[in-house]
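Participant: Following the numbering used here, the numbering of the sequence shown begins with -17 at its first residue and continues without gaps. Got a structure here, written out as structure tokens. Questions coming.
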Amino acid sequence: MVEGHTDNVPINNPVLIDNWDLSVKRATAIVRVLQNDYGIDPKRLVAAGRGEYMPLEENTTAEGRARNRRTRILELPKIDQFYDMIEKEMKNQSK
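What follows is the structure in structure tokens.
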């Protein structure tokens, strides 16, 4: 999963609706690089926009806002295998 993040300064751009839209575009840009330049199967990739809702730093300084404008790559388990594992565990607990 590739997460896109932003600071809390509203975007003023005719192409982007808001910071959430910007964060999604950041994530999809990285997903495309992973797919096109590194040959990663797009079925294994997820783009997620987080907007300004998960800051690393306070947005009160230029440095903090800059640090919040980022992408993050998370390695997740295969989701179908993960759900199977949870289902099995829940069935075992209900016995």
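Here a beta-carbon is modelled for each residue, glycine too, at the ideal position from N, C-alpha and C.
My parser needs the alpha helix (DSSP H) runs of 4 or more residues fully inside the segment 30 to 73; what are they?
Facilitator: Segments of the alpha helix (DSSP H) lying fully in the segment 30 to 73: 44 to 50.
Participant: Just to confirm the assignment, what range does the beta strand (DSSP E) spanning V(-16) have?
Facilitator: Taking the sequence shown and counting its residues from 1, one reaches residue -16 at position 2. From DSSP, the beta strand (DSSP E) with V(-16) extends over V(-16) to H(-13).
Participant: In chain order, what residues of the same chain have a beta carbon less than 6 Å from the beta carbon of Q17, not counting five sequence neighbours either side?
Facilitator: Position 35 of the sequence shown, counting from 1, holds the residue named residue 17. Counting only Cβ-Cβ distances below 6 Å, and skipping sequence neighbours, we find P24.
Participant: Quick check on L4: buried or exposed, where buried means 16 or more other Cβ atoms within 10 Å of its Cβ?
Facilitator: Residue numbering aside, residue 4 sits at position 22 when the sequence shown is read from its first letter. Around the C-beta of L4, 16 or more other C-beta atoms lie within 10 Å, and the residue is accordingly described as buried.
Participant: According to DSSP, is L(-2) part of a helix, a strand, or is it coil?
Facilitator: In the sequence shown, the residue the question calls residue -2 occupies position 16. Residue state, collapsed to three classes: coil.
Participant: Ignore the nearest five residues each way along the sequence and tell me which others in V13's own chain have a CB closer than 6 Å to its CB.
Facilitator: Counted from its first residue, the sequence shown places residue 13 at position 31. Taken in chain order, the residues that qualify are V(-16), L27 and A29.
Participant: Shortest alpha-carbon distance to E57 belongs to which of D(-11), A48, N(-6) and I22?
Facilitator: Position 75 of the sequence shown holds residue 57. Ranking the options by Cα distance to E57, first place goes to I22.
Participant: Rounded to whole angstroms, what's the CA-CA distance from M36 to D66? Just pull it up for me.
Facilitator: As a first step, residue 36 is located in the sequence shown; it is residue number 54 there, counting from the start. As a first step, residue 66 is located in the sequence shown; it is residue number 84 there, counting from the start. Going by the C-alpha atoms only, they are around 29 Å apart.
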